Structures are given as structure tokens and as C-alpha cells.
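Visitor: Heads up, the sequence shown is in the UniProt record's numbering, so the first residue is 1 and it goes up one at a time.
Sharing a structure here in C-alpha cells format.
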Amino acid sequence: MLTPRFKLSQDENNVYIDIHAPFTNVADTEIDVDGENFLFISSPYFLRLRLPGKIIENEKSKGSYMCESGDFKLSFSKETSGEHFENMDMITSLLAPRDIPNLNPSLIEVLEEDGITIEENKETKEDLAKKFAYGFAQKITTNFHGIGIEFPQIFELKVPEEVSADERHVLRVEHENNKFSSDHYLADYYETELIVPYLLVKLHWQYPDFNNDADFTDDEVVKKVDLNLDLEELEYAANLVQKEEVDIMENMMAIKMESMSLISNVKKNNSQSNNGISSSSDCATTSDSSSDDSSSELDSDDD
Numbered sequence: 001m002l003t004p005r006f007k008l009s010q011d012e013n014n015v016y017i018d019i020h021a022p023f024t025n026v027a028d029t030e031i032d033v034d035g036e037n038f039l040f041i042s043s044p045y046f047l048r049l050r051l052p053g054k055i056i057e058n059e060k061s062k063g064s065y066m067c068e069s070g071d072f073k074l075s076f077s078k079e080t081s082g083e084h085f086e087n088m089d090m091i092t093s094l095l096a097p098r099d100i101p102n103l104n105p106s107l108i109e110v111l112e113e114d115g116i117t118i119e120e121n122k123e124t125k126e127d128l129a130k131k132f133a134y135g136f137a138q139k140i141t142t143n144f145h146g147i148g149i150e151f152p153q154i155f156e157l158k159v160p161e162e163v164s165a166d167e168r169h170v171l172r173v174e175h176e177n178n179k180f181s182s183d184h185y186l187a188d189y190y191e192t193e194l195i196v197p198y199l200l201v202k203l204h205w206q207y208p209d210f211n212n213d214a215d216f217t218d219d220e221v222v223k224k225v226d227l228n229l230d231l232e233e234l235e236y237a238a239n240l241v242q243k244e245e246v247d248i249m250e251n252m253m254a255i256k257m258e259s260m261s262l263i264s265n266v267k268k269n270n271s272q273s274n275n276g277i278s279s280s281s282d283c284a285t286t287s288d289s290s291s292d293d294s295s296s297e298l299d300s301d302d303d
């Protein structure tokens, strides 16, 4: 499920919630309010907020959907009129943990005549071993089956929770080998001028102000909210990006050195070939001169 972009505002009596969900199905939209908890479900969007104060749904509550912009405009009354909700602009702190419901229908409660007994179909070690984490930093483990089928643009694997990390590695290598293009590789190998701008780029950690605190723009704040990352995950992402960029630069430098060596060898071979042609031309010139001299001597004898 996707977390939609949203915006909160308030006045003395009401709380206003704007949700941007352009790909939603309005007919299947569900909205629930319970005190400080607000729930919005509209496939493929899911949003749960924990507000600083309590709101209620009554006859004054309003809701509309703007087709052109893809926005929901919602209005709810405050339980305590005149109360001011603090930190309404702290969007990340308002996001509650997203729990995906357990869709396993095998958990059954059985009532017996002598009393009440509960039979739980507990997961065996073998079943637990078949479930593998996926997603950012390998932190997602759920019973939501078939997520790859519902979101094929995001997941290469149809059932990622059933594929181990080792199997994913093998499948990834196999996929890359099948996608390999020799023409593309040779073009990148010989046409080195195409990668020169990338080799000369100055990376952001090479600047003197790299360790200074970053100032996020409004768009970057929105993206951070979309990703729903905490500080630890942001640091992990930053370190991962830096490591990948370093690896990419090292690989590109190796390609550059190999290309320069290849070009040098080609020039050397061409130079040697040109020298050989020049020597052959000199020999041919000498031979022609000797023939002319011999012909001159024969002409003199005849005279």
C-alpha cells in the first residue's frame, strides 16, 4: 500500500485534512475516525494518522473529492471546541505505524460442549523459514501474500516473502545475464568520450561543506514523508548511496584506465604499421634507382 501526500490545517472548531490520491477508486474508499485516530483506505493508498487531539464525525463533517487534482477535502469537528492542536505541521510524527491485517484464514476458534477451547493453527518452524523479509533495509515481514502480483511495477518477484536472499541473488544474476547486450557493452568500452563527463564529475562529499547540516526544501520534506523514514533509515540510505557511488566511481576509473591502455596499444600498433610501410617504400625507391642506373650503363655500352 502507498502512503498518500496529505496536509493538515485547523481553526477553532474544525480540523481539515487534504489527501492527494490521484489513482484512487472513490467507490471503494473507507474513512474512519476514532478519537485521535484517523484512518483512510482507498486502494492503492493507506493512511493512518494519530492526531494531537480528538476529533469526531458528526453532521457538520464534510468530505469531497476533486477529480481534476485528485484530492480529498475532509473536514471534522474537534471534540473540544476551541482546543488548539499542537505540532500539526510535524507530518512525520503524525504517521502511525502501518499494520497490514493478517489475512490467514486458518486461525480457527472451536467451541466444544464441555467448555470453550481455542485451537490455534500455530506456524511451524518450516513455515516460518519460508518467510523472508523484503523492502527497504529488509524490514518488511508480513502475511500479506501476493503483493508482487498486485504491484508488478514495484516487485520483480511475485511472492518475495517466499524467496530467500540467496535465491534472489541467483535470480538477479540470471536476469542481468539475460539482459546483457554485447553491442551495448562494446559501445561503452570503445566510445570512451561518452563517459568522460561522468568521470570528471565532482561528488557531493568532495565539497568542503559536505559535513554541514542540510536544509531540506519543501519538495524534499514531502518526499521524506512519502518514504516514511526515520532518522536511522535515513542514515542507512545515505551511507548506502555513498558506498554505491564510491563503487561506481572505482569501476568507472578502472574502465577509464583499461580504455586508455587499449587506445595506447592501438596507436602503438598503428605507428609500427606505418613505419613498416615507410621502410617498404624506401626499399622500392632504392630498387628503382638501381634499375635506372643499370639501364643507363647499358645505353652507354651500346653507344
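Virtual Cβ for every residue (Gly too), placed ideally from N, Cα, C.
This structure is a prediction, so every number in the text was calculated from the model and none was measured.
Suppose the cutoff is 7 Å on Cβ atoms and the five residues either side in sequence are ignored; what does the same chain contact list for asparagine 25 look like?
Guide: Indexing the sequence shown from 1 puts residue 25 at position 25. The answer, listed in chain order, is Ser42, Ser43.
Visitor: For isoleucine 263, count the other beta carbons within 10 Å of its own beta carbon; 16 or more makes it buried, fewer makes it exposed. Which is it?
Guide: Taking the sequence shown and counting its residues from 1, one reaches residue 263 at position 263. Exposed: under 16 other Cβ atoms inside 10 Å.
Visitor: So, helix, strand or coil for proline 160, using DSSP?
Guide: Mapped onto the sequence shown, residue 160 falls at position 160. In this structure, proline 160 counts as helix in the three-state DSSP scheme.
Visitor: Contact defined as beta carbons within less than 8 Å: I believe glutamate 174 pairs with phenylalanine 132. What is the distance between those atoms, to the nearest angstrom?
Guide: The residue you call residue 174 lines up with position 174 of the sequence shown. The residue you call residue 132 lines up with position 132 of the sequence shown. Not confirmed; about 18 Å, so no contact.
Visitor: State the DSSP-derived secondary structure class of valine 15, mapped to helix, strand or coil.
Guide: As a working mapping, residue 15 is identified with position 15 in the sequence shown. Three-state DSSP puts valine 15 in a strand.
Visitor: Contact between the stretch 60-69 and the stretch 80-94 is defined here as three or more beta-carbon pairs at a separation below 8 Å; is this criterion met?
Guide: No, they do not touch.
Visitor: Using three-state DSSP, classify histidine 84 as helix, strand or coil.
Guide: Working through the sequence shown from its first residue, we reach residue 84 at position 84. If DSSP states are grouped into helix, strand and coil, histidine 84 belongs with coil.
Visitor: Can you tell me which of the three DSSP states serine 9 falls into?
Guide: Residue numbering aside, residue 9 sits at position 9 when the sequence shown is read from its first letter. Reduced to three states, the DSSP call for serine 9 is strand.
Visitor: Do you know how far the Cα of serine 164 is from the Cα of aspartate 34?
Guide: Position 34 of the sequence shown holds residue 34. Position 164 of the sequence shown holds residue 164. Each residue's Cα considered, the two are about 40 Å apart.
Visitor: Compare the Cα-Cα distances from tyrosine 45 to each of Gly53, Ile19, Asn58 and report the closest residue.
Guide: Start at 1 with the first residue of the sequence shown, and residue 45 comes out as number 45. Of Gly53, Ile19, Asn58, the residue nearest in Cα terms is Ile19.
Visitor: What separation, rounded to the nearest whole angstrom, lies between the Cα atoms of tyrosine 16 and lysine 78?
Guide: Here residue 16 refers to the residue found at position 16 when the sequence shown is read from its first residue. Here residue 78 refers to the residue found at position 78 when the sequence shown is read from its first residue. C-alpha separation (whole angstroms): 10 Å.
Visitor: What three-state label does DSSP hand proline 52 in the structure shown?
Guide: Residue 52 sits at position 52 when you count from the first residue of the sequence shown. Note: proline 52 maps to strand in three-state DSSP.
Visitor: Can you give me the start and stop residues for the beta strand (DSSP E) that aspartate 71 sits inside?
Guide: Here residue 71 refers to the residue found at position 71 of the sequence shown. Here the beta strand (DSSP E) through aspartate 71 covers 71-78.
Visitor: Assign lysine 32 to buried or exposed, taking buried as 16 or more other Cβ atoms, counted over all protein chains shown, within 10 Å of its Cβ.
Guide: Mapped onto the sequence shown, residue 32 falls at position 32. It should be pointed out that residue 32 corresponds to aspartate in this sequence rather than to lysine. So aspartate 32 ends up on the exposed side.
Visitor: Starting from the Cα of asparagine 37, find the closest Cα among Gly53, Lys158, Arg168 and give me that residue.
Guide: To locate residue 37, count along the sequence shown from 1; it is residue 37. Of the candidates Gly53, Lys158, Arg168, the one whose C-alpha sits nearest the C-alpha of asparagine 37 is Gly53.
Visitor: Which whole-angstrom value is the C-beta distance of proline 4 and leucine 47, which I expect to be below 8 Å?
Guide: Here residue 4 refers to the residue found at position 4 of the sequence shown. Here residue 47 refers to the residue found at position 47 of the sequence shown. Confirmed, Cβ separation roughly 6 Å.
Visitor: CB-CB under 7 Å to alanine 21, same chain, minus the five flanking residues each way: which ones, in chain order?
Guide: Within the sequence shown, numbered from 1, the residue matching residue 21 stands at position 21. Here the set comprises Pro4, Ser42, Tyr45, Gly70, Phe72.
Visitor: In whole angstroms, what is the alpha-carbon distance linking methionine 253 and leucine 157?
Guide: Here residue 253 refers to the residue found at position 253 of the sequence shown. Here residue 157 refers to the residue found at position 157 of the sequence shown. Rounded to the nearest angstrom, the two C-alpha atoms are 33 Å apart.
Visitor: From what residue to what residue does the alpha helix (DSSP H) around serine 61 run?
Guide: Numbered from 1 along the sequence shown, position 61 holds the residue referred to as residue 61. From DSSP, serine 61 is part of no alpha helix (DSSP H); its letter is neither H nor E.
Visitor: Do you know offhand how far asparagine 265's Cα is from histidine 169's?
Guide: Position 265 of the sequence shown holds residue 265. Position 169 of the sequence shown holds residue 169. One C-alpha to the other measures close to 37 Å.
Visitor: Quick check: residue 304 and serine 81, are their CB atoms within less than 7 Å of each other?
Guide: Residue 304 falls outside the range modelled here, since the chain spans only 1 to 303, and no answer is possible.
Visitor: Please classify asparagine 58 as buried or exposed, where buried requires at least 16 other C-beta atoms within 10 Å of its C-beta.
Guide: Taking the first residue of the sequence shown as 1, we reach residue 58 at position 58. Classification for asparagine 58: exposed.
Visitor: In the structure shown, what three-state DSSP assignment does glutamate 191 receive?
Guide: Against the sequence shown, residue 191 aligns to sequence position 191. Glutamate 191: coil per DSSP, three-state reduction.
Visitor: What are the start and end residues of the alpha helix (DSSP H) that includes valine 196?
Guide: For the purposes of this step, residue 196 is taken as the residue at position 196 of the sequence shown. Where valine 196 is concerned, the enclosing alpha helix (DSSP H) stretches over 196-199.
Visitor: What does the alpha-carbon distance come out to for the pair serine 93 and glutamine 206?
Guide: Along the sequence shown, one-based indexing puts residue 93 at 93. Along the sequence shown, one-based indexing puts residue 206 at 206. The straight-line gap from Cα to Cα measures roughly 33 Å.
Visitor: What's the call for proline 105, buried or exposed, on a 16-neighbour Cβ count within 10 Å?
Guide: Residue numbering aside, residue 105 sits at position 105 when the sequence shown is read from its first letter. Residue placement at proline 105 is flagged as unreliable, the pLDDT there being 45, under the threshold of 50; a coordinate-derived value is accordingly withheld.
Visitor: Taking the alpha carbon of lysine 7 as the point to measure from, which residue in Glu30, Glu68, Leu74 has its own alpha carbon closest?
Guide: Walking along the sequence shown from the start, residue 7 turns up at place 7. If we check each option's Cα against that of lysine 7, Leu74 comes out closest.
Visitor: How far does the alpha helix (DSSP H) with isoleucine 91 in it extend, from its first residue to its last?
Guide: Locating residue 91 in the sequence shown gives position 91, counting from the first residue. Taken as a continuous stretch (DSSP letters only), the alpha helix (DSSP H) holding isoleucine 91 covers 91-94.
Visitor: Work out the CA separation of phenylalanine 76 and leucine 171 for me, nearest whole Å.
Guide: Along the sequence shown, read from residue 1 onward, the residue named residue 171 stands at position 171. Along the sequence shown, read from residue 1 onward, the residue named residue 76 stands at position 76. Looking at the two C-alpha atoms, the distance is approximately 50 Å.
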